[in-house]
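Numbering (this note's numbering), first residue to last: 5 to 204.
C-beta atoms are modelled at their ideal positions from N, C-alpha and C, and glycine is treated no differently.
Data first, discussion second: the structure below is written as structure tokens.
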């Protein structure tokens, strides 16, 4: 069995403002909340990876985890929308925002479409499913976690918008013979404890 723990990074100014991230650091005080992540893996035995984004690297460091950078679990490339809030874009470019949310192939910001983003993340997830007998903890982004859940369930990509992923929450997937099951989603790391205990 492959065990995959997907962790959204600690909160940033963009997550608080419902903004499209650039490369913000985690918020002051958020580092102290990441400590319990270290208890989810077995030192020297389990694999720990992180998106190359600063907020993910800082979350790993705050938990005392040495994470290997994995570019395929980087957040979606939001192009010209990076650093802007959804509210400001709704006001300035309502048609573009509507197209982006309604058409998985649309990329009005000049970055990745949802479909292209999901394909990138899905390739990594498929590779993970073939690594039976291992545990991986991945510190990544809300969008990546949502894309993984949708793919694991075999749901249509439109279901992406119906998955909630809070900062410093954990989602656990299991793969048997290359097929994923979703054990649970969006559980605060502070309350995971024995539910995702190392070696489970």
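* Separation of residue 123 from residue 40, as counted between CA atoms -> 31 angstroms
* 6 angstroms CB neighbourhood of residue 26 in its chain, flanking five on each side removed -> 86, 87
* **Alpha-carbon spacing of residue 200 relative to residue 97, whole angstroms** => Model confidence at residue 200 stands at a pLDDT of 46, short of 50, so the residue's coordinates are unreliable; what they give is reported in the following sentence. Using only the alpha carbons, I get a separation of about 42 angstroms.
* Whole-angstrom distance between residue 170 and residue 34, CA atom to CA atom -> Spanning the two alpha carbons is a distance of roughly 13 angstroms.
* To do: On a CA-only basis, which of 139, 172, 188 is nearest residue 46? Give me that one, please.
  => Ranking the options by Cα distance to residue 46, first place goes to 139.
* **Opposing strand residues paired with residue 6 [DSSP bridges]** => 179
* With burial defined as no fewer than 16 other Cβ atoms inside 10 Å of the residue's Cβ, what is the status of residue 162: buried or exposed? -> exposed
* Option nearest residue 178 by Cα separation, candidates 61, 29, 135 -> 135
* Asked: For the ligand GDP, is there a heavy atom less than 7 angstroms away from the beta-carbon of residue 106?
  -> The model on display carries no ligand, and the ligand GDP is accordingly not part of it.
* Can you find at least 3 beta carbon pairs, one from the region 112-123 and one from the region 72-83, that sit closer than 8 angstroms? -> yes
* **Coarse secondary structure for residue 88, derived from DSSP in three states** => In the structure shown, residue 88 sits in coil (DSSP, three-state: anything other than H, G, I, E or B).
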